[in-house]
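Numbering (the numbering used here), first residue to last: 46 to 344.
Just so you know, even glycine gets a beta-carbon here, dropped at the ideal spot from N, CA and C.
Since we're looking at a predicted model, the values are computed, not measured.
What follows is one structure encoded as structure tokens, with my remarks underneath.
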Ligand code: GLU
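Shown next, in the form of structure tokens:
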């Protein structure tokens, strides 16, 4: 029996800031306290947004904070076949369908719904839900469009998937955006027919993250509250794919001095910038309140 397994899973599409420092340190320290393992996973599945120089910078910033992680580091771009197989397995079970509408066409449809007087439903991130009309496209038309080489995404048939999976919940050790904790009911239908695969990035974040967490034996997922609602989709995918359920601890986000979300500009919050300005690691720890956060978590 191995102990708990924690991971920090940044996407190398930018530099790390104080918010990442909080998340990484919380994972690292909780793993250490529990006598468990700490993994670093590089979520570089989207080739358009990932850059090797950011990955290198992530390692430097984390090492500066005093973190140590197991080697080799799991890089998603090296496991694309593994993700693709799972995507195909879901497609073979009739849980996915190809959707050909472009972003612009989807926006137009949503606008049309809204101007007709019915409010269009939105997902927890505030984006309008995909209208879902291609779910019922006749098979022959689908095939013809695919043969024509029309670009498409693979979408999950949410109604079918949730009917198959039944009621879902998860163990929340932290806190959701509305204070949810303990046993939380998953509501993946809030996201509509989510995209699980696309041409440019072979599979979506949602699918890769649940496959990796299971393959790496991650037992404790500690991440920001911005991913709280995504957990509903993750639980659904875990059940559909027969994967174990980890526990979740969603933590508060680090805000800037005015209490607002950290801005994109890293001048006052980027770890490299703070290091260059002579700010010490103990000072970083103080600014993000990591020791107080750890002290508030019972061992
Ligand atoms: N790669 C994701 C991000 O950087 C985090 C994934 C996760 O913790 O589940 O936002």
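**Message:** the ligand GLU and residue 55: does any heavy atom of the ligand fall closer than 8 Å to the residue's C-beta?
**Reply:** yes
**Item:** Euclidean distance between Cα positions of residue 229 and residue 261
**Value:** 24 Å
**Prompt:** Can you tell me whether residue 249 is buried or exposed, with buried defined as 16 or more other CB within 10 angstroms of its CB?
**Reply:** buried
**Prompt:** Looking at the structure shown, is residue 217 part of a helix, part of a strand, or coil, going by DSSP?
**Reply:** strand
**Asked** Which runs of the alpha helix (DSSP H), 4 residues or longer, sit entirely within the region 173-202?
**Response** 184-192
**Request:** Determine, using beta-carbon pairs with one atom in the region 55-68 and one in the region 92-101, whether at least three such pairs fall under 8 Å.
**Result:** yes
**Item:** Residue of 199, 275, 335 and 162 minimising C-alpha distance to residue 170
**Value:** 275
**Asked** Are residue 55 and residue 76 close, meaning C-beta to C-beta below 9 Å?
**Response** no
**Request:** Alpha carbon to alpha carbon, how far is residue 270 from residue 222? Give it in angstroms, no decimals.
**Result:** 6 Å
**Message:** Which same chain residues end up closer than 7 Å to residue 284 when comparing Cβ atoms and leaving out the 5 residues on each side of it in sequence?
**Reply:** 210 and 213
**Beta-carbon proximity of residue 314 to residue 111, cut-off 9 Å** = no
**In DSSP terms, what residue 228 is bridged to** = 216
**Prompt:** Any heavy atom of the ligand GLU closer than 8 Å to the CB of residue 272?
**Reply:** yes
**Request:** Taking only the alpha-carbon atoms, compute the straight-line gap between residue 236 and residue 305 and give it to the nearest angstrom.
**Result:** 26 Å
**Request:** Decide yes or no for the touch test of the region 290-299 against the region 316-329: beta carbon pairs closer than 8 Å, at least 3 of them.
**Result:** no
**Prompt:** When you compare each of 90, 85 and 48 to residue 243 by their alpha carbons, which one comes out closest?
**Reply:** 90
**Chain-order list of residues whose beta-carbon lies under 6 Å from that of residue 273 (same chain, five-residue window excluded)** = 221, 222 and 295
**Message:** I'd like to know whether the C-beta of residue 295 is nearer than 9 Å to at least one C-beta of chain B.
**Reply:** Absent from the structure is chain B; it holds one protein chain and no more.
**Request:** Taking only the alpha-carbon atoms, compute the straight-line gap between residue 172 and residue 119 and give it to the nearest angstrom.
**Result:** 31 Å
**Message:** Assuming residue 333 and residue 66 are in contact, meaning their beta carbons sit under 8 Å apart, how far apart are those beta carbons, in whole angstroms?
**Reply:** 6 Å
**Request:** Taking only heavy atoms of the ligand GLU into account, decide whether any of them is closer than 8 Å to the Cβ of residue 217.
**Result:** no
**Asked** Which word fits residue 167, buried or exposed, when buried means at least 16 other C-beta atoms lie within 10 angstroms of its C-beta?
**Response** exposed
**Message:** Quick check: the Cα distance between residue 144 and residue 179, rounded to an integer number of angstroms?
**Reply:** 6 Å
**Prompt:** Out of 336, 311 and 82, which has the shortest C-alpha to C-alpha gap to residue 53?
**Reply:** 82
**Coil, strand or helix - residue 233 by DSSP** = helix
**Prompt:** residue 311 and residue 318: beta carbons closer than 9 Å?
**Reply:** yes
**Message:** Just verifying my parser: in three-state terms, what is the DSSP assignment at residue 155?
**Reply:** helix
**Asked** Beta carbon of residue 37, beta carbon of residue 142: below 9 Å?
**Response** The structure shown has nothing for residue 37, since the chain only spans 46 to 344.
**Request:** Say yes only if the C-beta of residue 142 is nearer than 8 Å to one or more non-hydrogen atoms of the ligand GLU, and no if none qualify.
**Result:** no
**Message:** Mapping the DSSP letters down to three states, classify residue 27 as helix, strand or coil.
**Reply:** Since the first residue of the chain shown is 46 and the last is 344, residue 27 is not available in this structure.
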